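Undergrad: Chains W and U, in that order, are what the protein sequence lines are. Under this note's numbering, residues 1 to 234 are what the first sequence spells out, in order. Under this note's numbering, residues 1001 to 1118 are what the second sequence spells out, in order. We treat Cβ as the ideally placed atom computed from N, Cα and C, and that holds for glycine. Quantities reported herein were computed from a predicted structural model and do not represent experimental measurements. The structure that follows is given in the form of structure tokens.
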Amino acid sequence: MNPILETQTSKTASAAKWAASIDDNKIAISDPTVSEAVLRAQAGVPDDFVVVRDHNSPDDFVLKRDEMVDLRDGNVFYTICATEADKRKACEKPAKLAVFVDDRIEEIGKSKQTGGSIRALFELPGDVALFRDLHSPNDVPIEANAAIDFRDGPVFYTRAVTLVVEISINGRKYKTQAGKNSVQHLKALDGVPTNDILSELRGDKFVDLRDTGHVQVKGGEVFVSHPQSAGSSR
Amino acid sequence: MSFPGDEIDELTSCFAGLSTASEGGTAFILIPAMNLPAGCDPKTADALLCPTPRDGYPSRLFFSAKISHQGPGQNWNAAGVVILSRQWWAVSWKAQDSNKRLSAILASHLEAFRSCKK
């Protein structure tokens, strides 16, 4: 980033990274207090356009040139031609808030969230951990019940987690990675002969598993193998 | 005769209402309203597993009714036999029992009723 465009506020080691949504694009900002000039430059806003903070109101706030804005009060912006920026009344409505997870953008209705609500909003799968992006190498995963305040930073990212769970195969307990497991892997864990059938006791049913297939393992699954029974007499 | 506790626990965790009983020195496992493999009619039936040798088979699986299905086990050579004061039906099916675990024996018997063989 061009150092000229950096904001003036000093960063603390654990300060959160920030971002603004401008015309639905993520613009990374190092600090929540930022000048209109930085937003304009980073978003590539033409000179004859103005940056407008989105309050979902006809009186959306038009940023003046070089004006400092605090993204904690709202970080959703759009641009319009300067000639369209007519005189407006003071905007009474709160500004829109946007959070970012892995560069995806979603608006939130209130500042106070939880790890679970953010996960649900972005439909994050269970095998990823959610982190707030900090100016620090020691980001901490956010648990589902952890409180999240937009004002503490709206930028998050995910990392795949390897969750090891216990399953049972032929009555013996094995550790395996949660998520997609190949049937071949499960057979190998218990030394099940190649030609034998591996079945899962799923609910109250035995489900035979194809050798070329996969199983979504969450932990606690029960598998049992048996030779192919060809002993029918008709 | 009693069954290994962990094997019964494994089955009980999947089949609600499972119970054991014995008659004439032979132990059985009764699974009420067991879901049958796809394509079976009826879709559920009471099942009685005899995991020990009987009638010349290493194990047998009886049902409370004759099951219509497209699987390979079509020879119903036990019809209305009375065990534990109830009538039962079974197909001729020699379940491979190199793995003598109860759940494996049961799964092996159900292969007789599956229309899609591997």
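Considering only the beta carbon of each residue, do V164(W) and K175(W) sit closer than 8 Å?
TA: For the purposes of this step, residue 164(W) is identified with residue 164 of the first sequence, where counting begins at 1. For the purposes of this step, residue 175(W) is identified with residue 175 of the first sequence, where counting begins at 1. Inclusion of V164(W) and K175(W) in the CB contact set at 8 Å is warranted, their separation being smaller than that value.
Undergrad: Should E67(W) be labelled buried (16 or more other beta-carbon atoms within 10 Å of its own) or exposed?
TA: What you label residue 67(W) is simply residue 67 of the first sequence in a count that begins at 1. Classification of E67(W): exposed, given that the 10 Å Cβ count is below 16.
Undergrad: Buried or exposed for L1106(U), please, with buried defined as at least 16 other CB atoms from any protein chain shown within 10 angstroms of its CB.
TA: Here the question's residue 1106(U) lines up with position 106 in the second sequence. Per the 10 Å Cβ criterion, buried.
Undergrad: Is the beta carbon of A160(W) less than 8 Å from the beta carbon of D127(W)?
TA: Reading the first sequence from its first residue, position 160 is the one you call residue 160(W). Reading the first sequence from its first residue, position 127 is the one you call residue 127(W). The answer is yes: Cβ separation under 8 Å.
Undergrad: Nearest CA to the CA of F206(W): which residue from S1092(U), D1041(U) and S1013(U)?
TA: In the first sequence, residue 206(W) corresponds to position 206, counting from 1. It is S1013(U) whose Cα lies nearest to the Cα of F206(W).
Undergrad: Tell me whether D70(W) is buried or exposed, calling it buried when 16 or more other Cβ atoms sit within 10 Å of its Cβ.
TA: Here residue 70(W) is taken as the residue at index 70 of the first sequence, counted from 1. Under this definition D70(W) is an exposed residue.
Undergrad: Identify every run of the beta strand (DSSP E) within the region 128 to 160 of chain W, keeping only runs that are complete inside it and at least 3 residues long; order them along the chain.
TA: 128 to 132, 147 to 149 and 155 to 160
Undergrad: Please compile the residues from chain U whose C-beta is within a distance smaller than 7 Å of the C-beta of F171(W).
TA: As a working note, residue 171(W) is residue 171 in the first sequence. Residue identity differs from the one stated: residue 171(W) is Gly in this sequence, not Phe. Correct list: D1006, E1007, E1010 and R1101.
Undergrad: May I ask which residues mark the beginning and end of the beta strand (DSSP E) holding E1010(U)?
TA: The residue you call residue 1010(U) lines up with position 10 of the second sequence. Segment G1005 to T1012 is the alpha helix (DSSP H) holding E1010(U); no beta strand (DSSP E) there.
Undergrad: Mind checking L1049(U): buried by the 16 CB within 10 Å criterion, or exposed?
TA: Numbered from its first residue, the second sequence carries residue 1049(U) at position 49. Around the C-beta of L1049(U), 16 or more other C-beta atoms lie within 10 Å, and the residue is accordingly described as buried.
Undergrad: Can you tell which of A15(W), D54(W), K187(W) and E92(W) has its C-alpha closest to the C-alpha of H214(W)?
TA: What you label residue 214(W) is simply residue 214 of the first sequence in a count that begins at 1. If we check each option's Cα against that of H214(W), K187(W) comes out closest.
Undergrad: List, in chain order, every chain W residue whose beta-carbon is nearer than 7 Å to that of F1015(U).
TA: The count along the second sequence starts at 1 and reaches residue 1015(U) at position 15. The answer, in chain order, is D204.
Undergrad: If you draw a straight line from the alpha carbon of Q1087(U) to that of G116(W), how long is it in whole angstroms?
TA: Mapped onto the second sequence, residue 1087(U) falls at position 87. Mapped onto the first sequence, residue 116(W) falls at position 116. Approximately 54 Å, taken between the alpha carbons.
Undergrad: Inspect the beta-carbon positions of F1113(U) and I1083(U) and report whether they are closer than 8 Å.
TA: Mapped onto the second sequence, residue 1113(U) falls at position 113. Mapped onto the second sequence, residue 1083(U) falls at position 83. Going by C-beta atoms, F1113(U) is not nearer than 8 Å to I1083(U).
Undergrad: With a threshold of 7 Å on Cβ separation, who are the neighbours of S111(W) within its own chain once the five nearest residues in sequence on each side are excluded?
TA: Here residue 111(W) refers to the residue found at position 111 when the first sequence is read from its first residue. Cβ within range, chain order: L97, D149, F150 and R151.
Undergrad: What residues from chain W crowd round L1110(U), counting only those whose CB sits closer than 7 Å?
TA: As a first step, residue 1110(U) must be located in the second sequence, where it is residue number 110. In chain order: F206.
Undergrad: For R40(W), which residues in the same chain have their Cβ closer than 8 Å to its Cβ, ignoring the five residues on either side in sequence?
TA: Locating residue 40(W) in the first sequence gives position 40, counting from the first residue. Here the set comprises V51.
Undergrad: Can you grab the Cα-Cα spacing for the pair Q1074(U) / S182(W), in whole Å?
TA: Here residue 1074(U) is taken as the residue at index 74 of the second sequence, counted from 1. Here residue 182(W) is taken as the residue at index 182 of the first sequence, counted from 1. Looking at the two C-alpha atoms, the distance is approximately 33 Å.
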